[in-house]
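Residue numbers (the numbering used here): 243 to 742.
For every residue, glycine included, the Cβ atom is placed at its ideal position computed from N, Cα and C.
I have placed the structure first, in the form of structure tokens, so that the comments after it can refer back to it.
Below, the structure is given as structure tokens:
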């Protein structure tokens, strides 16, 4: 879903090295919204609500992706991100004042999920278009690591709300002041009653209220931080596509620095835009669009399968080891954080396909290893498995996922989708994968959630099939320009990959 291409500039990389800081600043600010993505995804998995509630959340996120795909081409990447911030802020504000009943907090959750769906598209597009070709792999992975930080925040909230003393401190020092500061203004007379009964050890609904409010407070402040996008530039590619060269030149000077050849860069982008046409529905019959679309959907689908499986594994481990959950939480997060930092450089140094093949191979072998242990010891439930093996499996998953199936699908999708169709195809891909999340949640809520052998068998088959998928279909995009990738899909009509 890239706008610019690696040939969009006539200057060498060496001339662009002066202003990496401004690019990283724009990327970091835009990634604030991605933190909510990880928080919400964990929340949907952890929330034990009726199936139709989770479906409504996924449908809302799918609608948000379509909405974002429309607006990023109409009003711009930056304006869409700001609109996303306002929608998310509204959803979190509604959750803060929600009552115990489901009907009260459900609208806030749905609106927040619309914002998450918009985030899943607009943030990667913005990051790709403000970064240079040299930095694209590194900053493209930042979106995923922001999601990982959102997962960390959710794990932290779960651990904090498990402890009675910590839970009371959260209510008295965090949730209570924030809600009651607005009480008189909004005439919310029932808030004191809500706070008095907000104890996670009384009932399921009260537990959900605590999580809802903690989640809303975190999301509220994240949404406020995301309004820093006001001070960030619109992407030069979108401005030039809408005949705003003067503003595009100004933004390029801010991004690349005053010593860069920003004017030559603008001229080259204009030349590339002149030879492209906006994608229409009829273009989906051409190999240049429908094959990247299918590849993008499949690779993001596998990403979400492995991602949700990993999160579910962690929650299952915590729920069965409540006494040592804080220690396990610290271990998992430290491993994920360290390898996340290393992953930024690993994904930029090695081939995309080789990293995906390596990750799938390790996942497959580790699943086979744990499956063999379960079969040999006749342990078919998580409670009966030696927790040292389960912890080792989690650490391997956290380590490998951070630089393989975590960030790489986002980067590959942004590179295989032609820039003329980034809004249209990007919205379809993200909306479809959110709809497929309904199937994934139903899958892990079935036998896989209780029978470890069935779950590990499914994981083994999944990662083995992903090896075949990557080897035969997924193209290598690291050493090719976006024009070369787009041209490859036009001249080659089969799905077999020859771009190595």
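- Contact between the stretch 346-363 and the stretch 486-497 is absent: fewer than 3 CB-CB pairs across the two stretches fall below 8 Å.
- For residue 382, the enclosing alpha helix (DSSP H) begins and ends at 378-382.
- Under the DSSP assignment, residue 601 falls in the alpha helix (DSSP H) whose first and last residues are 594-619.
- In the assembly as shown, residue 713 is an exposed residue. Its beta-carbon has fewer than 16 other beta-carbons within 10 Å.
- Of 603, 587, 317, 699, the smallest CA-CA separation from residue 368 is found for 317.
- A straight-line Cα-Cα distance of about 11 Å links residue 607 and residue 600.
- Of all C-beta pairs linking the stretch 670-686 to the stretch 529-547, three or more are shorter than 8 Å, placing the two stretches in contact.
- Nearest neighbour of residue 584 by Cα position, chosen from 458, 545, 383, turns out to be 383.
- Just measuring C-alpha positions, the residue of 643, 596, 717 sitting nearest residue 582 is 643.
- Shown here for residue 312: same chain residues with a beta carbon closer than 8 Å to its own, the five before and five after excluded, namely 665, 669 in chain order.
- Residue 697 sits buried, since 16 or more C-beta atoms from the chains shown fall within 10 Å of its C-beta.
- The C-alpha of residue 268 lies about 19 Å from the C-alpha of residue 328.
- A check of alpha carbon separations from residue 374 across 515, 266, 633 identifies 266 as the nearest.
- Counting only residues of its own chain and dropping the five nearest sequence neighbours on each side, residue 701 has a CB closer than 6 Å to the CB of 609.
- Taken through DSSP and simplified to helix, strand or coil, residue 510 comes out as helix.
- DSSP places residue 335 inside the alpha helix (DSSP H), whose first and last residues are 319-338.
- Spatial neighbours of residue 650 in its own chain (CB-CB distance under 7 Å, excluding positions within 5 residues in sequence) are listed in chain order as 589, 594, 597, 598.
- Counting C-beta atoms within 10 angstroms of its own C-beta, residue 710 has fewer than 16 neighbours from the protein chains shown and is therefore classed as exposed.
- For residue 716, the secondary structure class from DSSP, reduced to helix, strand or coil, is coil.
- For residue 459 and residue 392, the gap between their C-alpha atoms comes out near 13 Å.
- Its chain contains 279, 307, 672 as the residues whose beta carbon lies nearer than 7 Å to that of residue 362, once the 5 sequence neighbours on both sides are disregarded; these appear in chain order.
- A residue is called buried when at least 16 other Cβ atoms come within 10 angstroms of its Cβ; residue 485 does not meet this threshold and is exposed.
- Leaving aside the five residues that flank residue 470 on each side, the residues in its chain whose CB is nearer than 7 Å to its CB run, in chain order, 271.
- Taking the Cα positions, residue 694 is about 58 Å away from residue 500.
- Apart from sequence neighbours up to five positions away, the residues of its chain that approach residue 652 with a beta-carbon distance below 7 Å are 366, 382, 385, 386, ordered along the chain.
- Boundaries for residue 647: no alpha helix (DSSP H) harbours it, and the DSSP string shows neither H nor E there.
- Within a 10 Å sphere around the beta-carbon of residue 580 sit fewer than 16 other beta-carbons, which makes this residue exposed.
- It is roughly 36 Å from the alpha-carbon of residue 667 to the alpha-carbon of residue 576.
- A check of alpha carbon separations from residue 355 across 677, 472, 645 identifies 677 as the nearest.
- Taking 8 Å as the cut-off, the beta carbon of residue 679 is found no closer than this to the beta carbon of residue 539.
- Taking a 10 Å sphere around the C-beta of residue 640, we find 16 or more other C-beta atoms and assign the residue as buried.
- In this chain, the alpha helix (DSSP H) harbouring residue 490 covers 487-498.
- Of all alpha-carbon atoms in 646, 632, 631, the one lying nearest the alpha-carbon of residue 546 is that of 646.
- Annotated three-state conformation of residue 315 is helix, per DSSP.
- Shortest Cα-Cα distance from residue 497 to any of 476, 509, 512, 483 involves 476.
- Where residue 265 is concerned, the enclosing alpha helix (DSSP H) starts and stops at 262-272.
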